[in-house]
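Asks: Here it is, the structure in full.
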Amino acid sequence: MIPDERRKEILELLDEKGYVSVKDLSQRLYVSLPTIRRDLTLLEREGYVLRTHGGASLSISDSFVEPFALRKKTNLEAKKYIGKIAASLIHNNDTLFITSSSTCLEFASHIKPDLRLNILTNGMPLAHKLSENNNVTVECPSGIYNYFHEGIYGKEVKELISKRYAQYCFTSCNGIDLVNGLTFSTDLDITLIRACRKNCNKLVVLADHTKFGMTYYFKTLSIKEIDIIITDQEPEEKWITYCEENGITLIY
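Just so you know, we're using our numbering here: the sequence shown kicks off at -8 and counts up by one.
Have a look at this one:
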């Protein structure tokens, strides 16, 4: 059993039982105690579980991040609204970077079928959706596939992005805050998004209203490094003022 499959099974057991001991996991999955401890350490770092003495339980903290398959069903109407607006920004023959996220997947479904586009994405559901359109050329990087995020990550992704240039990069986040900027619950997106920022004309953040004012552990970009923010509700006045003063387009 490969590590990602094993960790998926750990999460399924935790979802079923609420708590599982390290010893029980070791016996069920036929791996050593140190291997299970490493798995739990990684899952805790990514916000999925809470380590306890001798075992673990599912995380119920604000930092918990659902697997992609569940996230794409959350706040769906907001994501559809954001996706339609985002799709209206692009033009024929544009080149785009689109990062793996459930909001970006909704955006991809609203792209006009008659547009000829070149798109680089690390998201597998995105690549599948975009490839349905014969007018779109989809490029995917090599690297390490992450089951929970359904995306490809690693140095190979950064290296490929550094050899491309895009009119727009579309990305999402776990939290967006005036002080702490764009933040994530894991470190997977950091180098990816920073590389996109260096190699695109405009960086567009797609964030529904629940992400505003939220801060997670890993900082990625400051708000001033963002060109366009698209959300589904009018944010607080301080956001409107800040964006106007710093030349950031805020669409809602």
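Glycine is no exception: its CB is placed at the ideal position from the N, C-alpha and C atoms.
#1: What's the C-alpha gap between Ile135 and Gly145?
#2: Among the residues of its own chain, which have a CB less than 7 Å from the CB of Lys70, if the five just before and after it don't count?
#3: Can you grab the Cα-Cα spacing for the pair Glu0 / Lys120, in whole Å?
#4: What are the boundary residues of the alpha helix (DSSP H) that Gly318 is part of?
#5: Less than 9 Å between the beta carbons of Thr90 and Leu173, yes or no?
#6: Between the Cα of Ala77 and those of Leu20, Asp218, Thr32, spot the shortest distance and give me the residue it belongs to.
#7: Assign Asn165 to one of two classes, buried (16 or more other C-beta atoms within 10 Å of its C-beta) or exposed (fewer than that).
#8: What's the gap between the Cα of Met205 and the Cα of Asp168?
#9: Which runs of the alpha helix (DSSP H) fall wholly inside the segment 101 to 181 and span at least 4 residues, in chain order?
#10: Thinking just about the alpha-carbon of each residue, which of Glu(-4), Gln158, Glu227 is nearest to the one in Cys187?
#11: Name the DSSP bridge partner or partners of Tyr10?
#12: Please confirm whether Ile73 and Leu87 have their CB atoms less than 9 Å apart.
#13: Assuming Ile239 and Ile220 form a contact by the criterion Cβ under 8 Å, report the distance between their Cβ atoms to the nearest whole angstrom.
#14: What are the start and end residues of each continuous beta strand (DSSP E) run of 3 or more residues lying completely inside the segment 182 to 227, in chain order?
Replies: Let me spell this out:
#1: Taking the first residue of the sequence shown as position 1, residue 135 is located at position 144. Taking the first residue of the sequence shown as position 1, residue 145 is located at position 154. Cα to Cα, the separation comes out at about 6 Å.
#2: What you label residue 70 is simply residue 79 of the sequence shown in a count that begins at 1. Closer than 7 Å at Cβ, skipping near neighbours: Ser93, Thr94, Glu97, Asp199.
#3: Start at 1 with the first residue of the sequence shown, and residue 0 comes out as number 9. Start at 1 with the first residue of the sequence shown, and residue 120 comes out as number 129. Cα-Cα distance, rounded: 27 Å.
#4: Examination of residue 318 is not possible in this model, given that the chain is present from -8 through 243 alone.
#5: In the sequence shown, residue 90 corresponds to position 99, counting from 1. In the sequence shown, residue 173 corresponds to position 182, counting from 1. No, the pair does not count as a contact, with Cβ atoms beyond the cut-off.
#6: Looking up residue 77 in the sequence shown gives position 86. Per the Cα distances, Asp218.
#7: Position 174 of the sequence shown, counted from the first residue, corresponds to residue 165. Result: buried.
#8: Numbered from 1 along the sequence shown, position 214 holds the residue referred to as residue 205. Numbered from 1 along the sequence shown, position 177 holds the residue referred to as residue 168. Spanning the two alpha carbons is a distance of roughly 6 Å.
#9: 115 to 121, 146 to 152
#10: Residue 187 sits at position 196 when you count from the first residue of the sequence shown. Checking every option, the nearest Cα to that of Cys187 belongs to Gln158.
#11: Here residue 10 refers to the residue found at position 19 of the sequence shown. As a beta-bridge residue in DSSP terms, Tyr10 pairs with Ser48.
#12: Sequence index remark: in the sequence shown, residue 73 carries index 82 (1-based). Sequence index remark: in the sequence shown, residue 87 carries index 96 (1-based). Against a cut-off of 9 Å, the Cβ pair of Leu87 and Ile73 comes out as no contact.
#13: Taking the first residue of the sequence shown as position 1, residue 239 is located at position 248. Taking the first residue of the sequence shown as position 1, residue 220 is located at position 229. Right, their Cβ atoms sit about 6 Å apart.
#14: 191 to 197, 209 to 212, 219 to 221
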